[in-house]
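K.L.:
Take a look at this one; I'll ask things after.
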Amino acid sequence: MSTITLPLGASTIDVPLPDSWEVVGRVEPVERPGLGDLAAALRAALASPIGCAPMAAGELAGKKIAIVVDDVTRPTPLRRYFGDIVSWLEGLGARRDDMLVVNALGVHRDMTEAETMDRVGREALAGIRWVNSRPRDPDANVDLGTTSRGTRVRLLRDMAGVDLIVCAGAIEPHLLLGFGGGLKMIIPGCAHETTIAANHMQGVSPGMFNYIGAMESPMRLDLEEGALRLGKRFFIVNAVMNSRLEVHAFVAGDPIKAHRAGVAIAESMYARPVEGPPVDVAIVSSDPMNADLRQGMKSIGNVERCVREGGMILALLDCRSGIGDIAMPPKALPNGLLRLILRTIGRKRVLWFIDSVKKGAGVEERFMAHFSMQIVRKNRIMAWSPNLPPDTGKRLGLFVQHGDVGGMMDQARKAAPARARVLVFPHGGVTYPVPGPALPSPLR
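If you count by the working numbering, then the sequence shown holds residues 86 to 529, one letter each, in order.
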């Protein structure tokens, strides 16, 4: 029996493989260096913004500014350079008491004062007011009409009274958007839950549930249209990180043009060509998206496109903070029964099934259930994690959870073809396969 070694969290793990399995590829990201001098690189990006003219000295005197930052579920190392963003704004004439920091939560939980201080730095935040977005408070959001795709736009009222909105986030592969970053900080980041719900469902259809690697998706185009209804001046400062979560590049400027330039950088690292027909088995590590279950599960979605219908995904999920803030259902169908039902009803009725059994489900629960169940319908999923409660798999019903890697691989050997073709993804939290001649398109 051979062994492969995969990164996981701060360590590595050995995975035993049956001798009869054929590893047809180890799909690695293109490694790019982290920036040696973040402050200098950021200054250069701010001085030469993409898609707009540089701001002039004194231009922000007397202006009110909102700085929108991503929340604690994201790996963006904001603390290392948030103070440089504030200093840049001050150099253009802005005052701290005219600034507002907004934690873009989407539908995640509120951030505490201690978490906010830790996220951006106590000294950098000194003298600046901060707020959490308020997705469940209708009075805290302003109604801005409806997008051409039918999304009613309700956004945090605090941003309606500012002159400039700076979005400080990161660009990384995203299962529904194609890539994160840009105006995603506004929708879903700072939107009411009804807006988030409508926008999330833009890309959800029986034949289309995974947009990983798409430059422009329905959700992306809808959120950009919705955010621009604020009628404010936007400026993005987005980090593009390597597989070690070091900042490799900054893009700054126009919220759409600069974002697309950053996407091209991320794509050059994480879109990896995979030739030949879909494989029987994908073995994937959640690295480097190891924060919690929500982040770890991305690795499964990232690689599903290279696995044949009825094939298997074996996931090693670090989940150092456990399940995170995922709402665990009080009960779930056993994985085997759930797979049988989903394969019987077919992909076109998965959303109907969810709405039948999860009446009153919240926005993210409904979307995540659809995405997950489409993969469960298509593939058998087994998972091991050193940090998840041992009953997580049973409570979710979306994967079979194993107590040790050896046990998972023994069960996989029995369930897979004797001469299974295998792809290995050591950094599956960010790496995704580029369709070869026999793989389906990301826009399907």
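By construction, the Cβ of each residue, glycine as well, lies at the ideal position given by its N, Cα and C atoms. This structure is a prediction, so every number in the text was calculated from the model and none was measured.
For ARG111, which of helix, strand or coil comes out of DSSP?
P.N.:
Working through the sequence shown from its first residue, we reach residue 111 at position 26. Correct three-state label for ARG111: strand.
K.L.:
Pull up the distance between the alpha-carbon of VAL157 and that of LEU249, whole angstroms please.
P.N.:
The residue given as residue 157 occupies position 72 in the sequence shown. The residue given as residue 249 occupies position 164 in the sequence shown. Each residue's Cα considered, the two are about 24 Å apart.
K.L.:
DSSP puts SER370 in a beta bridge; with which residues?
P.N.:
To locate residue 370, count along the sequence shown from 1; it is residue 285. SER370 pairs with LEU401.
K.L.:
Quick one: Cα of ILE398 to Cα of LEU308, how far?
P.N.:
Against the sequence shown, residue 398 aligns to sequence position 313. Against the sequence shown, residue 308 aligns to sequence position 223. About 31 Å.
K.L.:
Pop quiz: ALA400 and VAL364 are said to be a contact at Cβ under 8 Å. What is the actual Cβ separation, rounded to whole angstroms?
P.N.:
Here the question's residue 400 lines up with position 315 in the sequence shown. Here the question's residue 364 lines up with position 279 in the sequence shown. Not a contact, Cβ separation roughly 15 Å.
K.L.:
Indicate the three-state DSSP secondary structure (helix, strand or coil) for ARG318 in the structure shown.
P.N.:
For this step, residue 318 is matched to residue 233 along the sequence shown. It is a strand residue.
K.L.:
Using 8 Å for Cβ pairs, my map puts VAL348 next to ILE271. What's the rounded Cβ distance?
P.N.:
Here residue 348 refers to the residue found at position 263 when the sequence shown is read from its first residue. Here residue 271 refers to the residue found at position 186 when the sequence shown is read from its first residue. Incorrect: roughly 17 Å between the Cβ atoms, too far for contact.
K.L.:
Applying the criterion that 16 or more other CB atoms from any shown protein chain within 10 Å of the CB defines a buried residue, is ASP377 buried or exposed?
P.N.:
For the purposes of this step, residue 377 is identified with residue 292 of the sequence shown, where counting begins at 1. Looking at its Cβ environment, which holds 16 or more other Cβ atoms inside 10 Å, ASP377 is buried.
K.L.:
Tell me the DSSP bridge mates of ARG324?
P.N.:
Position 239 of the sequence shown, counted from the first residue, corresponds to residue 324. Checking the sequence shown, residue 324 turns out to be Ala, not Arg. ALA255, PHE335, per the DSSP bridge assignment.
K.L.:
For the structure I just gave you, are there three or more beta carbon pairs, one from the segment 316-336 and one from the segment 280-287, closer than 8 Å?
P.N.:
No: the two stretches stay apart, fewer than three of their Cβ pairs being nearer than 8 Å.
K.L.:
Starting from the C-beta of ASN420, find all residues in its chain whose C-beta is less than 6 Å away, skip the five residues before and the five after it, and write them out in chain order.
P.N.:
By 1-based counting over the sequence shown, the position of residue 420 is 335. Same-chain partners within the cutoff: GLY482, VAL485.
K.L.:
Determine the DSSP secondary structure at GLU310, reduced to helix, strand or coil.
P.N.:
To locate residue 310, count along the sequence shown from 1; it is residue 225. Helix.
K.L.:
Can you tell me whether ASP155 is buried or exposed? The criterion is at least 16 other CB atoms within 10 Å of its CB, across all chains shown.
P.N.:
Taking the first residue of the sequence shown as 1, we reach residue 155 at position 70. Classification of ASP155: buried, given that the 10 Å Cβ count is 16 or more.
K.L.:
Give a yes or no on whether the C-beta atoms belonging to SER218 and LEU190 are separated by under 8 Å.
P.N.:
Counting from 1 along the sequence shown, the entry for residue 218 is found at position 133. Counting from 1 along the sequence shown, the entry for residue 190 is found at position 105. A contact, by the Cβ cut-off of 8 Å.
K.L.:
Which residues in the same chain have their Cβ closer than 6 Å to the Cβ of PRO303, if we skip the five residues on either side of it in sequence?
P.N.:
As a working mapping, residue 303 is identified with position 218 in the sequence shown. Excluding residues within five positions, the ones whose Cβ falls inside 6 Å are GLN287, GLY288.
K.L.:
Residues in its own chain within less than 8 Å of ILE256 by CB, not counting five upstream and five downstream?
P.N.:
To locate residue 256, count along the sequence shown from 1; it is residue 171. PHE264, GLY265, GLY266, GLY267, ASN323, ALA324, VAL325, VAL336, HIS344, GLY347, VAL348, ILE350, ALA351, listed in sequence order.
K.L.:
Going by C-alpha distance, which of LEU508, GLY147, ARG242 is nearest PRO362?
P.N.:
Here residue 362 is taken as the residue at index 277 of the sequence shown, counted from 1. For the residues LEU508, GLY147, ARG242, the minimum Cα distance to PRO362 belongs to LEU508.
K.L.:
What did DSSP end up calling MET304 once you bin it into helix, strand or coil?
P.N.:
The residue given as residue 304 occupies position 219 in the sequence shown. DSSP places MET304 in helix when its eight states are reduced to three.
K.L.:
Could you check whether LEU174 and ALA253 sit closer than 8 Å to each other, using their CB atoms as the reference points?
P.N.:
Numbered from its first residue, the sequence shown carries residue 253 at position 168. Numbered from its first residue, the sequence shown carries residue 174 at position 89. No.
K.L.:
Nearest to ARG424 by CA position, among ALA245, VAL461, THR236, is which residue?
P.N.:
Residue 424 sits at position 339 when you count from the first residue of the sequence shown. Comparing Cα-Cα distances from ARG424 to each of ALA245, VAL461, THR236, the minimum goes to VAL461.
K.L.:
Name the residue from PRO373, LEU102, GLY386, ASN464 whose alpha carbon lies nearest to the alpha carbon of LEU93.
P.N.:
For the purposes of this step, residue 93 is taken as the residue at position 8 of the sequence shown. For LEU93, the nearest C-alpha among the options comes from PRO373.
K.L.:
With distances taken Cα to Cα, identify the nearest neighbour of ALA477 among ARG242, ILE150, PRO415, CYS137.
P.N.:
The residue given as residue 477 occupies position 392 in the sequence shown. Reading the sequence as shown, one finds Thr at residue 477 and not Ala. The residue with the shortest Cα to Cα distance from THR477 is PRO415.
K.L.:
Which complete beta strand (DSSP E) runs does the segment 166-191 hold, if anything under 3 residues is left out?
P.N.:
Runs of the beta strand (DSSP E) inside the segment 166-191: 184-189.
K.L.:
Does the segment 433-441 come close enough to the segment 129-147 that 3 or more CB-CB pairs lie under 8 Å?
P.N.:
As far as the Cβ criterion goes, the segment 129-147 does not touch the segment 433-441, which means the pair count is below three.
K.L.:
Could you check which residue in ASN295, VAL247, GLY298 has the C-alpha nearest to that of GLY316?
P.N.:
Sequence index remark: in the sequence shown, residue 316 carries index 231 (1-based). GLY316 has its Cα closest to that of VAL247, out of ASN295, VAL247, GLY298.
K.L.:
Rounded C-beta distance between ILE150 and ASP195? I'm assuming under 8 Å.
P.N.:
Mapped onto the sequence shown, residue 150 falls at position 65. Mapped onto the sequence shown, residue 195 falls at position 110. Incorrect: roughly 22 Å between the Cβ atoms, too far for contact.
K.L.:
Decide if ASP403 is buried, meaning its Cβ has at least 16 other Cβ atoms within 10 Å, or exposed.
P.N.:
Here residue 403 refers to the residue found at position 318 when the sequence shown is read from its first residue. Looking at its Cβ environment, which holds 16 or more other Cβ atoms inside 10 Å, ASP403 is buried.
K.L.:
Give the straight-line distance between the Cα atoms of ARG237 and ALA312, rounded to the nearest whole angstrom.
P.N.:
Here residue 237 refers to the residue found at position 152 when the sequence shown is read from its first residue. Here residue 312 refers to the residue found at position 227 when the sequence shown is read from its first residue. Taking the straight line from one Cα to the other gives about 11 Å.
K.L.:
Taking Cβ to Cβ, would you say ILE385 is nearer than 8 Å to ILE297?
P.N.:
Working through the sequence shown from its first residue, we reach residue 385 at position 300. Working through the sequence shown from its first residue, we reach residue 297 at position 212. No; because the gap between Cβ atoms is not below 8 Å, this pair is not in contact.
K.L.:
Under the assumption that PHE510 contacts LEU260 (Cβ atoms under 8 Å), give the Cβ distance between them as a whole number of angstroms.
P.N.:
Here residue 510 refers to the residue found at position 425 when the sequence shown is read from its first residue. Here residue 260 refers to the residue found at position 175 when the sequence shown is read from its first residue. That belief does not hold up - the Cβ atoms of PHE510 and LEU260 are roughly 15 Å apart, past 8 Å.
K.L.:
Could you work out which residue in VAL192, LEU240, PRO139 is closest to GLY230 when comparing CA atoms only?
P.N.:
As a working mapping, residue 230 is identified with position 145 in the sequence shown. Comparing Cα-Cα distances from GLY230 to each of VAL192, LEU240, PRO139, the minimum goes to LEU240.
K.L.:
Please say whether ALA367 and CYS391 have beta carbons closer to each other than 8 Å?
P.N.:
By one-based count along the sequence shown, residue 391 stands at place 306. By one-based count along the sequence shown, residue 367 stands at place 282. Yes, Cβ-Cβ distance for CYS391 and ALA367 is below 8 Å.
K.L.:
If you drop the 5 nearest sequence neighbours on each side, which residues of the same chain put their C-beta closer than 7 Å to that of LYS383?
P.N.:
Sequence index remark: in the sequence shown, residue 383 carries index 298 (1-based). Within the same chain, LYS383 has close Cβ partners LEU260, MET374, GLY514.
K.L.:
Which term fits ARG56, buried or exposed, when burial requires 16 or more other beta carbons within 10 angstroms of its beta carbon?
P.N.:
Absent from the structure is residue 56, since the part of the chain shown begins at 86 and ends at 529.
K.L.:
Under the criterion of a Cβ to heavy atom distance below 7 Å, does LYS148 qualify as lining the ligand FMN?
P.N.:
The ligand FMN is not part of the structure shown, which contains no ligands of any sort.
K.L.:
If you draw a straight line from the C-alpha of ARG159 to the C-alpha of ILE411, how long is it?
P.N.:
Along the sequence shown, one-based indexing puts residue 159 at 74. Along the sequence shown, one-based indexing puts residue 411 at 326. Roughly 14 Å between the two C-alpha positions.
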